[in-house]
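K.L.:
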Amino acid sequence: MRYDSPSKARESRRRRGTAAASAMVLASGLLLAVGQTAIGAENDPAPAQQRVDNPYDGAQVYVNPIWAANAAAEPGGSAVADQPTAVWMDRISAIEGNGSPTTGDYGLRDHLDEAVSQGADLFQVIIYNLPGRDCAALASNGELGPDELPRYESEYIDPIAEILADPAYSSLRIATIIEIDSLPNLVTNVGGRETATPECDEMLANGNYVNGVGYALAQLGAIPNVYNYVDAGHHGWIGWEDNFGASADLFFEAANANGATPDDVHGFIANTANFSALEEENFSIGDTINGQPIRGESSWIDWNNYVDELSFAQAFRQEAISAGFNSDIGMLIDTSRNGWGGSERPTGPGPETSADAYVDGGRYDRRINPGNWCNQAGAGLGERPTASPAAGIDAYVWAKPPGESDGSSEEIPNDEGKGFDRMCDPTYEGNPRNQNNPSGALPDAPISGHWFSAQFQELLANAHPPLGSGPGDPGDPGDPGDPGDPGPVTGCSVSYSVQSQWNAGYVAQVTVTNTSSTALPSWSLVWTNPSGQQVTSAWNASVTQQGSQVTASGSGWNGSIPAGGSVSFGFQGTLSGAHVAPAAFSLNNSACS
Numbered sequence: 051m052r053y054d055s056p057s058k059a060r061e062s063r064r065r066r067g068t069a070a071a072s073a074m075v076l077a078s079g080l081l082l083a084v085g086q087t088a089i090g091a092e093n094d095p096a097p098a099q100q101r102v103d104n105p106y107d108g109a110q111v112y113v114n115p116i117w118a119a120n121a122a123a124e125p126g127g128s129a130v131a132d133q134p135t136a137v138w139m140d141r142i143s144a145i146e147g148n149g150s151p152t153t154g155d156y157g158l159r160d161h162l163d164e165a166v167s168q169g170a171d172l173f174q175v176i177i178y179n180l181p182g183r184d185c186a187a188l189a190s191n192g193e194l195g196p197d198e199l200p201r202y203e204s205e206y207i208d209p210i211a212e213i214l215a216d217p218a219y220s221s222l223r224i225a226t227i228i229e230i231d232s233l234p235n236l237v238t239n240v241g242g243r244e245t246a247t248p249e250c251d252e253m254l255a256n257g258n259y260v261n262g263v264g265y266a267l268a269q270l271g272a273i274p275n276v277y278n279y280v281d282a283g284h285h286g287w288i289g290w291e292d293n294f295g296a297s298a299d300l301f302f303e304a305a306n307a308n309g310a311t312p313d314d315v316h317g318f319i320a321n322t323a324n325f326s327a328l329e330e331e332n333f334s335i336g337d338t339i340n341g342q343p344i345r346g347e348s349s350w351i352d353w354n355n356y357v358d359e360l361s362f363a364q365a366f367r368q369e370a371i372s373a374g375f376n377s378d379i380g381m382l383i384d385t386s387r388n389g390w391g392g393s394e395r396p397t398g399p400g401p402e403t404s405a406d407a408y409v410d411g412g413r414y415d416r417r418i419n420p421g422n423w424c425n426q427a428g429a430g431l432g433e434r435p436t437a438s439p440a441a442g443i444d445a446y447v448w449a450k451p452p453g454e455s456d457g458s459s460e461e462i463p464n465d466e467g468k469g470f471d472r473m474c475d476p477t478y479e480g481n482p483r484n485q486n487n488p489s490g491a492l493p494d495a496p497i498s499g500h501w502f503s504a505q506f507q508e509l510l511a512n513a514h515p516p517l518g519s520g521p522g523d524p525g526d527p528g529d530p531g532d533p534g535d536p537g538p539v540t541g542c543s544v545s546y547s548v549q550s551q552w553n554a555g556y557v558a559q560v561t562v563t564n565t566s567s568t569a570l571p572s573w574s575l576v577w578t579n580p581s582g583q584q585v586t587s588a589w590n591a592s593v594t595q596q597g598s599q600v601t602a603s604g605s606g607w608n609g610s611i612p613a614g615g616s617v618s619f620g621f622q623g624t625l626s627g628a629h630v631a632p633a634a635f636s637l638n639n640s641a642c643s
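Here this note's numbering runs 50 ahead of the position in the sequence shown, where the first position is 1.
(1) Beta strand (DSSP E) containing Leu172: first to last residue?
(2) Quick one: measure Cβ to Cβ for Pro115 and Glu164, integer angstroms, because I've assumed they're closer than 8 Å.
(3) For a minimum of 4 consecutive residues, which ranges assigned as the alpha helix (DSSP H) are wholly contained in the region 371–459?
(4) Please name the residue, chosen from Arg101, Pro401 and Gly541, that lies closest to Ser220 on a Cα-to-Cα basis.
(5) Taking Cβ to Cβ, would you say Phe502 is nearer than 8 Å to Ser455?
(6) Let's see if you can read the secondary structure: which residues bound the beta strand (DSSP E) around Cys250?
(7) Can you round the beta-carbon distance between Met381 and Ala363 to whole angstroms, since I take them to be within the 8 Å contact cut?
(8) Would you check whether the ligand MG has a heavy atom nearer than 7 Å to the C-beta of Pro200?
(9) Among Pro401, Gly604, Asp475 and Phe301, which one has its Cα closest to the Cα of Gly262?
(10) According to DSSP, simplified to helix, strand and coil, what is Ala165?
(11) When the Cα atoms are used, what is the spatial distance from Pro105 to Val409?
(12) Report buried or exposed for Asn553, applying the criterion of at least 16 other Cβ atoms within 10 angstroms of its Cβ.
(13) Three or more beta-carbon pairs under 8 Å between the region 331–339 and the region 269–286, yes or no?
(14) Where Ile319 and Gly283 are concerned, what is the direct C-alpha to C-alpha distance, given to the nearest angstrom?
(15) Does Ala304 come out as helix, strand or coil in the three-state DSSP assignment?
(16) From Asp184 to Ser616, what does the alpha carbon distance come to, in whole angstroms?
(17) Return yes when the Cβ of Gly480 is within less than 8 Å of the Cβ of Ser489, no when it is not.
(18) How long is the line joining the alpha carbons of Ala634 and Gly127, rounded to whole angstroms?
(19) Three-state secondary structure (DSSP) at Asn120?
(20) Which residues in the same chain as Val593 place their Cβ atom closer than 6 Å to its Cβ, once the five residues preceding and following it in sequence are excluded?
(21) For Asn278, list the residues DSSP reports as bridge partners.
(22) Which term fits Asp155, buried or exposed, when burial requires 16 or more other beta carbons within 10 angstroms of its beta carbon?
(23) Please report the straight-line C-alpha distance between Ala370 and Ala298, rounded to a whole angstrom.
(24) So, helix, strand or coil for Trp350, using DSSP?
(25) On the DSSP letters alone, give me the boundaries of the alpha helix (DSSP H) that Trp287 sits inside.
(26) Looking at Gln595: is its Cβ nearer than 8 Å to the Cβ of Asn579?
(27) Should Asn258 go down as buried or exposed, given a rule of 16 or more other Cβ atoms within 10 Å for buried?
(28) For Val113, does the count of other Cβ atoms within 10 angstroms reach 16, so buried, or fall short, so exposed?
(29) Just how far apart, CA to CA, sit Asp313 and Phe375?
(30) Ends of the alpha helix (DSSP H) at Ile210?
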């Protein structure tokens with residue numbers, strides 16, 4: 051997937067140097083055929099490049115074939131399996147390849163080799179293994195103890211830097227996302243605050259978070275084609291007056307620690323692996339209800355200065371510049387799980403009877419509390435990865451690969467150093483960091499980083515923008531594709547299942563299999579919807595309904611069905627009463643079993 055910049059205004063920002071090497075381009079097709087390499091992709095090292103203003107502009111971004119295979123194996127998942135996601139280096143063994151269900155046997159070099167084979171221009175990697183990692187939680191605890199900074203430097207950062215500096219990868223822009231949740235914890239969870247933990251107090255006292263981040267910035271920032279983005283939390287965490295400026299100051303301290311300088315920081319990332327809405331369009335921080343400002347009166351907003359991630363990220367960029375960072379820094383926002391679509395998405399502001407009614411009735415973010423962070427029920431895929439979408443924003447990215455768990459719902463012994471956090475337990479009633487509210491987590495989750503099918507299905511169902519609604523999204527009626535001759539059908543079967551149902555609607559998944567020995571260059575599936583059921587939207591196919599007759603046809607990448615092959619699509623519909631499955635289907639005018 052190439053990151054083409056939308057024609058929205060963005061601030062003019064200078065970056066050191068200009069691109070010296072031409073971007074490679076995929077010879078043909080999407081990267082949905084996992085494991086295949088682009089035709090004509092070059093494998094020879096390219097000359098070293100100088101940094102560009104925005105590494106995402108015009109870039110073909112690496113698609114992780116392991117994640118893509120997991121996504122494509124899910125019903126409806128092929129609609130997003132070609133999206134670029136970040137690769138997580140969450141322990142030392144991941145550098146060489148750890149054989150986990152998430153990453154298979156791919157190590158860092160394997161991923162980079164694959165990126166070169168794909169003809170990618172940009173590779174995204176999460177640097178995430180600080181000593182005493184995630185001092186305010188347990189699900190993402192790491193393998194290194196609080197005092198093991200020397201191991202972090204010599205066994206983790208140094209080997210990563212050596213691989214990234216290999217001339218074989220000099221044609222790639224490499225975006226490194228540095229140590230999520232680490233530095234913000236030293237602002238909010240220390241020093242006698244109600245949210246403080248002994249572990250965070252220890253990391254503040256020993257300086258290993260600050261020095262660890264500084265070392266990572268220095269070593270990785272010395273590589274000409276690396277772009278360091280430091281994690282800056284999210285608006286619900288850092289958006290408060292006591293946290294906002296203090297965070298920028300602490301980040302600047304880390305950018306001057308252990309050999310680093312502010313020149314080693316290309317920007318920051320907001321909302322990494324979190325769920326905060328990109329834009330809350332139904333209210334703003336300055337609104338008043340019955341003469342009272344919603345800030346302070348709304349329990350959801352409380353005394354925060356921001357209501358969404360875009361306004362927070364743009365403001366934090368300016369705060370970081372004021373703290374001493376270069377004026378050309380950019381921001382990333384993780385939109386992998388903050389779409390909050392589906393039937394629960396408000397269509398306008400809440401009632402003006404009170405600040406709580408107004409905000410709670412209009413907010414897209416449907417979490418119980420903005421401090422809830424683990425496998426949130428009701429979440430959906432957000433904006434697809436996009437370069438330069440708004441002023442000061444380098445890109446919307448999927449840093450957290452959708453479908454990978456935040457933590458287990460109950461304690462699961464493992465050899466990855468990951469603990470059990472009650473915030474991942476759907477029965478937990480909360481703690482001071484979420485104002486003692488229920489966790490809002492999904493049940494039956496595996497340990498962090500492992501594939502969580504139920505979460506992925508929920509993200510698909512609640513995606514906003516909905517799947518198939520964006521230009522080039524699979525299933526969009528405007529996608530190219532010549533229906534051609536439907537061809538003969540000597541055998542076919544259809545699998546129809548309801549993914550979810552509520553009072554007035556449902557989501558269904560359909561898989562069509564061509565059991566004949568002849569490929570179908572195009573296909574059209576027809577069925578009769580039982581009374582009261584009406585298709586309203588669809589993905590991965592064009593689906594229309596006239597009267598009770600429904601017609602689904604392939605387009606773009608799934609416009610044909612090979613002999614023995616299958617295609618899947620999904621749709622949403624309305625109903626009155628209980629859902630009834632169609633009784634019969636025909637494919638290209640031939641009855642299917």
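Glycine included, every Cβ here is placed at the ideal spot set by N, Cα and C.
P.N.:
In terms of the structure at hand:
(1) Bounds of the beta strand (DSSP E) holding Leu172 are Leu172 to Ile177.
(2) About 6 Å separates the two Cβ atoms, so the contact holds.
(3) If only uninterrupted alpha helix (DSSP H) runs of at least 4 residues are considered, those enclosed by the region 371–459 are 405–412.
(4) Residue Arg101 is the option with its Cα nearest to Ser220.
(5) In contact: Phe502 and Ser455 (Cβ atoms closer than 8 Å).
(6) Counting along the chain, Cys250 falls outside any beta strand (DSSP E), though it belongs to the alpha helix (DSSP H) covering Pro248 to Asn256.
(7) Right, the Cβ-Cβ distance comes to about 4 Å (below 8 Å), so this counts as a contact.
(8) No copy of the ligand MG occurs in the structure displayed, which carries no ligand at all.
(9) Nearest in C-alpha terms to Gly262, of all of Pro401, Gly604, Asp475 and Phe301, is Phe301.
(10) It is helical.
(11) When rounded, the distance between both Cα atoms is 37 Å.
(12) Under the 10 Å beta carbon count, Asn553 is surrounded by fewer than 16 other beta carbons and is classified as exposed.
(13) Using a Cβ-Cβ distance cut-off of 8 Å, the region 331–339 and the region 269–286 are not in contact, since fewer than three pairs of beta carbons, one from each stretch, lie closer than that value.
(14) The alpha-carbon atoms of Ile319 and Gly283 are separated by roughly 8 Å.
(15) DSSP places Ala304 in helix when its eight states are reduced to three.
(16) Roughly 43 Å separates the two Cα atoms.
(17) Less than 8 Å divides the Cβ of Ser489 from the Cβ of Gly480.
(18) For Ala634 and Gly127, the distance between alpha carbons rounds to 25 Å.
(19) Asn120 carries a helical assignment under DSSP once its states are collapsed to helix, strand and coil.
(20) Result list for Val593: Val585, Ala602 and Phe621, in chain order.
(21) By DSSP's assignment, Asn278 forms a beta bridge with Thr226.
(22) Label assigned to Asp155: exposed.
(23) Their backbone Cα atoms lie some 5 Å apart in a straight line.
(24) Of the three classes helix, strand and coil, the one that applies to Trp350 here is coil, per DSSP.
(25) Start and end: His285 to Ile288.
(26) Contact: yes.
(27) Counting of Cβ neighbours within 10 angstroms places Asn258 among the buried residues, the total reaching 16 or more.
(28) A buried status is given to Val113, since no fewer than 16 other beta-carbon atoms sit within 10 Å of its beta-carbon.
(29) Straight-line Cα distance between these residues: approximately 8 Å.
(30) From DSSP, the alpha helix (DSSP H) with Ile210 extends over Asp208 to Leu214.
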